[in-house]
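Going line by line, the protein sequences match chains A and B.
Oh and the first sequence: position 45 is 44 in numbering that gives the first Met the number 0, straight run, nothing missing.
Oh and the second sequence: position 68 is 67 in numbering that gives the first Met the number 0, straight run, nothing missing.
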Amino acid sequence: MLTESQIERYSRHIMLKEVGGKGQQKLFDGKVLIIGAGGLGAPIALYLAAAGVGTIGIADADDVDLSNLQRQVIHFTADIGKPKVESARQKMEAINPDVKVVTYKEWVSAANINGIIADYDFVIDGTDNFAAKFLINDACVLAGKPYSHGGILQFDGQTITVKPKESACYRCIFPEPPPRDAVPTCSQAGVIGVLPGVLGTIQATEAIKFLLGKGDLLTDRLLTYNALRMKFREVPLKRKTSCPVCGENPTISEVRDELDAMTVCDLKKG
Amino acid sequence: MTITINGKETVIAENPERTVDSLLEELDVSQRLYVTVELNGEILDRPAYGTTAVNEGDVIEFLYFMGGGNAPFAQSLR
Ligand SMILES: [Zn+2]
Numbered sequence: 000m001l002t003e004s005q006i007e008r009y010s011r012h013i014m015l016k017e018v019g020g021k022g023q024q025k026l027f028d029g030k031v032l033i034i035g036a037g038g039l040g041a042p043i044a045l046y047l048a049a050a051g052v053g054t055i056g057i058a059d060a061d062d063v064d065l066s067n068l069q070r071q072v073i074h075f076t077a078d079i080g081k082p083k084v085e086s087a088r089q090k091m092e093a094i095n096p097d098v099k100v101v102t103y104k105e106w107v108s109a110a111n112i113n114g115i116i117a118d119y120d121f122v123i124d125g126t127d128n129f130a131a132k133f134l135i136n137d138a139c140v141l142a143g144k145p146y147s148h149g150g151i152l153q154f155d156g157q158t159i160t161v162k163p164k165e166s167a168c169y170r171c172i173f174p175e176p177p178p179r180d181a182v183p184t185c186s187q188a189g190v191i192g193v194l195p196g197v198l199g200t201i202q203a204t205e206a207i208k209f210l211l212g213k214g215d216l217l218t219d220r221l222l223t224y225n226a227l228r229m230k231f232r233e234v235p236l237k238r239k240t241s242c243p244v245c246g247e248n249p250t251i252s253e254v255r256d257e258l259d260a261m262t263v264c265d266l267k268k269g
Numbered sequence: 000m001t002i003t004i005n006g007k008e009t010v011i012a013e014n015p016e017r018t019v020d021s022l023l024e025e026l027d028v029s030q031r032l033y034v035t036v037e038l039n040g041e042i043l044d045r046p047a048y049g050t051t052a053v054n055e056g057d058v059i060e061f062l063y064f065m066g067g068g069n070a071p072f073a074q075s076l077r
């Protein structure tokens, strides 16, 4: 039951026929996990908290670093050195005290991911490395958890929503991560600060639509964005029968760490 | 002949021998060992790159790995 002040807080939602009081209640009852409290995770966490998603989990083992602040807008200068999940929790609660924030100050791995995602209705991948991206895909597909994939680099981003065994998954597109020694030099890295704002906000939108049960999810289409040319494109995709995790003869039946792809060049230490 | 690559119509020389593999080389696609190729809506298995012909009017998507701000792998097709 919404209180008077909640009715006021969410009035612009409640006015929407796709949301209404019922939809707002669904958001309240919803549980969304954000993996990564960095560039993508920042707008996702802020918007989901503002929207009144009742339970928001956020997982990240990192501490806030000065080089994060150019794009990770949930962290402030005074937060440098604090755990990212703690810094994020404080902002989310400050925006909306109705929201329950659950923090996981750890990296996801094969050892802990099943337990972490189990409680949630929807998972959002806001990580910055391939090992985590493949792990999240496998864990969500195997557990039947819908999730949003997001990736960014330089001026480019891409995102897709996966409904396990119904729509194409990350491994339908990329069966294996690139091997560690295939990763080229660090000079290709970097990201324009606004980019994760665009992609993360799209990912948050998917979580909200999923909880509301309204609209069309970004399934079976990879949305790509190039900020320099200011172009969005949609690449239609299909589930692949040979997919190692969601195909007809899957070779992956439990989560595993992609050790070979574990590291990417880490600019923060440079 | 004309094909569509990542949404752009592209004219390439006639070559009946051309495969997806040789197209990647011809266009000097970055990270070509790791790019995923979708041909007319179907994602190709990597071993098929060398045996799949490219035909007039084909719609081809090169899909790249994209990690995060720290991951140097992905690069868009320019
Ligand atoms: Zn799949």
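Glycine included, every Cβ here is placed at the ideal spot set by N, Cα and C.
Annotation for Q157 of chain A: no alpha helix (DSSP H) segment contains it, though the beta strand (DSSP E) segment containing it runs D155 to V161. Cβ-Cβ distances below 7 Å link L22 of chain B to V53 in the same chain, with the five nearest sequence neighbours on each side left out; the list follows chain order. Shown in chain order are the members of the segment 136-158 of chain A whose Cβ falls below 9 Å from a Cβ of chain B: G149, G150, I151, L152, Q153, F154, D155, G156 and Q157. At a beta-carbon threshold of 9 Å, none of the residues of chain A lie near D57 of chain B; the nearest stands roughly 15 Å away. At a cut-off of 6 Å, the beta-carbon of R170 of chain A counts as near ligand 1: some heavy atom of the ligand is closer than that. Just measuring C-alpha positions, the residue of A:P178, A:T126 and A:V234 sitting nearest I34 of chain A is A:T126. If you check the C-beta of C139 of chain A against ligand 1, you find no heavy atom less than 6 Å away. Put simply, the CB of F129 of chain A is near chain B, with a gap under 7 Å to one of its CB atoms. The beta carbons of G56 of chain A and L26 of chain A sit no closer together than 7 Å. Between A130 of chain A and I116 of chain A, the C-beta gap is not smaller than 7 Å, which leaves the two residues out of contact. Of the candidates B:G56, B:G49, B:V34 and B:V58, the residue whose Cα lies closest to the Cα of I172 of chain A is B:V34.
Residue burial is scored here from C-beta neighbours: F231 of chain A has fewer than 16 other C-beta atoms within 10 angstroms and is therefore classed as exposed. Counting along the chain, F27 of chain A sits inside no beta strand (DSSP E); it lies in the alpha helix (DSSP H) bounded by residues G19 to D28. Here DSSP, grouped into helix, strand and coil, assigns Y224 of chain A to strand. The beta carbons of R170 of chain A and N225 of chain A sit no closer together than 7 Å. Taking C-alpha positions only, S10 of chain A is separated from T240 of chain A by approximately 45 Å. Excluding five sequence positions before and after I4 of chain B, the CB atoms of its chain that fall closer than 6 Å to its own CB belong to I59, given in chain order.
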